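Note that our numbering has the sequence shown beginning at 751, numbered continuously upward.
We put the beta carbon where it would ideally sit given N, CA and C, even for glycine.
Source: prediction; values computed, not measured.
These notes are about the structure you will find just below.
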Amino acid sequence: MVIVGSIGYDDIQTPAESGSDLLGGAAVYSGLAASFHLRTKDEQPTKVGLVGVVGDDFAVYDQMILEKAGLNLAGVVRAEGDTFRWSGKYEGAMESVETLATEVNVLDDFKPNLPEVWENPEVLFCASTHPATQVAVLDQCPGAQLTVLDTFMLWIETEFQTLSEAMRKVDVVVINEQEVCAIAEDEILTRAMKSIISGEALYGGSAAGPGPRCLIAKRGSGGVIAMLPAGTLSLPAYPTDEIVDPTGCGDSFAGSLIAYLV
């Protein structure tokens, strides 16, 4: 399994806790979740490779955390500059987050170059990162058996044309309800999902080609809705009354899902 996505630091405020310089990023959360579910009983390392970029401020300790979890970092490069950073604030029931700041930093100029042995993975997961990076990795992995993509509101707002290109290249898109409705400019979720799958809601419309074969909408405490070629599936979320920090929940869900599909 190959996962490409952001590796960064988060500054987070929630009603329960607050913290800064927290190891985060879509590739980190999804990679740790996938590795956890794929780890064998004898604790042998899993075959999960990360592709991403960090700055010269990325701590060796954080690198060790990822390696100890069984993640292969051969696809991660260290560039001059600061690591990607995101700041967010949750309030109330923490169903949604207010983004306070996003500093793309070294992620902006990253050009991925996958190890040759990674070019035909069982699953290629393009976790949330710059859409140009997602397209580049998809083009380097023509033999991937299953391709999955996630994104972030920032990329919908600033890189929609390239994001649309990436979404048309993959089998499955996993994004949250707000992102689905933002892409389709439609508040009716199921209708918005259909317009993305048809390609109508993507850049260039349906004339430019259909969207992904499958679309999974994450709905937080409302569970998940999946539109698949075989039909539509709706599942509830597991109930919990002790929420500390929901950051990375969607990435962790995606990582767990693709681990099951391997």
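Pairwise C-alpha distance: residue j and residue i
i: Val-924; j: Cys-964; result: 9 Å
i: Pro-986; j: Ile-975; result: 9 Å
i: Leu-1010; j: Ile-757; result: Looking at the sequence provided, one finds Tyr at residue 1010 rather than Leu. The alpha-carbon atoms of Tyr-1010 and Ile-757 are separated by roughly 23 Å.
i: Gly-1090; j: Ala-843; result: Lying before the first or after the last residue shown, residue 1090 is absent from the chain, which here runs from 751 to 1012.
i: Phe-834; j: Glu-853; result: 6 Å
i: Val-894; j: Met-751; result: Looking at the sequence shown, residue 894 is not Val but Ala. So the alpha carbons of these two residues sit roughly 9 Å apart.
i: His-787; j: Ser-1006; result: 7 Å
i: Ser-956; j: Thr-879; result: 25 Å
i: Gly-820; j: Gln-928; result: 33 Å
i: Leu-896; j: Val-1012; result: 9 Å
i: Asp-936; j: Ala-784; result: 32 Å
Cβ separation of residue i and residue j, assumed to be a contact under 8 Å, to the nearest whole Å
i: Val-873; j: Ile-1008; result: 5 Å
i: Ala-829; j: Val-803; result: 5 Å
i: Met-917; j: Leu-952; result: 6 Å
i: Asp-900; j: Ala-882; result: Their Cβ separation, rounded to whole angstroms, is 15 Å, which puts Asp-900 and Ala-882 out of contact at 8 Å.
Buried versus exposed call for residue i [16 or more other C-beta atoms within 10 Å across all chains shown]
i: Asn-870; result: exposed
i: Asn-1018; result: The structure shown has nothing for residue 1018, since the chain only spans 751 to 1012.
i: Leu-888; result: buried
i: Gln-890; result: buried
i: Gly-981; result: exposed
i: Lys-968; result: buried
i: Pro-862; result: buried
Test item: CB-CB of residue i and residue j under 8 Å
i: Gly-781; j: Tyr-759; result: no
i: Ile-753; j: Leu-800; result: yes
i: Glu-767; j: Asp-991; result: no
i: Met-903; j: Ala-932; result: yes
i: Ile-946; j: Val-930; result: yes
i: Gly-831; j: Gly-805; result: yes
i: Gly-949; j: Gly-959; result: yes
i: Gly-838; j: Thr-997; result: yes
Beta bridge counterpart(s) of residue i as assigned by DSSP
i: Gln-890; result: Bridge partners of Gln-890: none, in fact.
i: Ala-976; result: Ile-966 and Leu-983
i: Tyr-759; result: Leu-773 and Arg-835
i: Phe-875; result: Ile-753 and Val-898
i: Val-847; result: Tyr-840
i: Ile-925; result: Ala-967
Interface flag, residue i vs chain D, CB-CB below 8 Å
i: Ala-851; result: Here chain D cannot be found, since the structure has a single protein chain.
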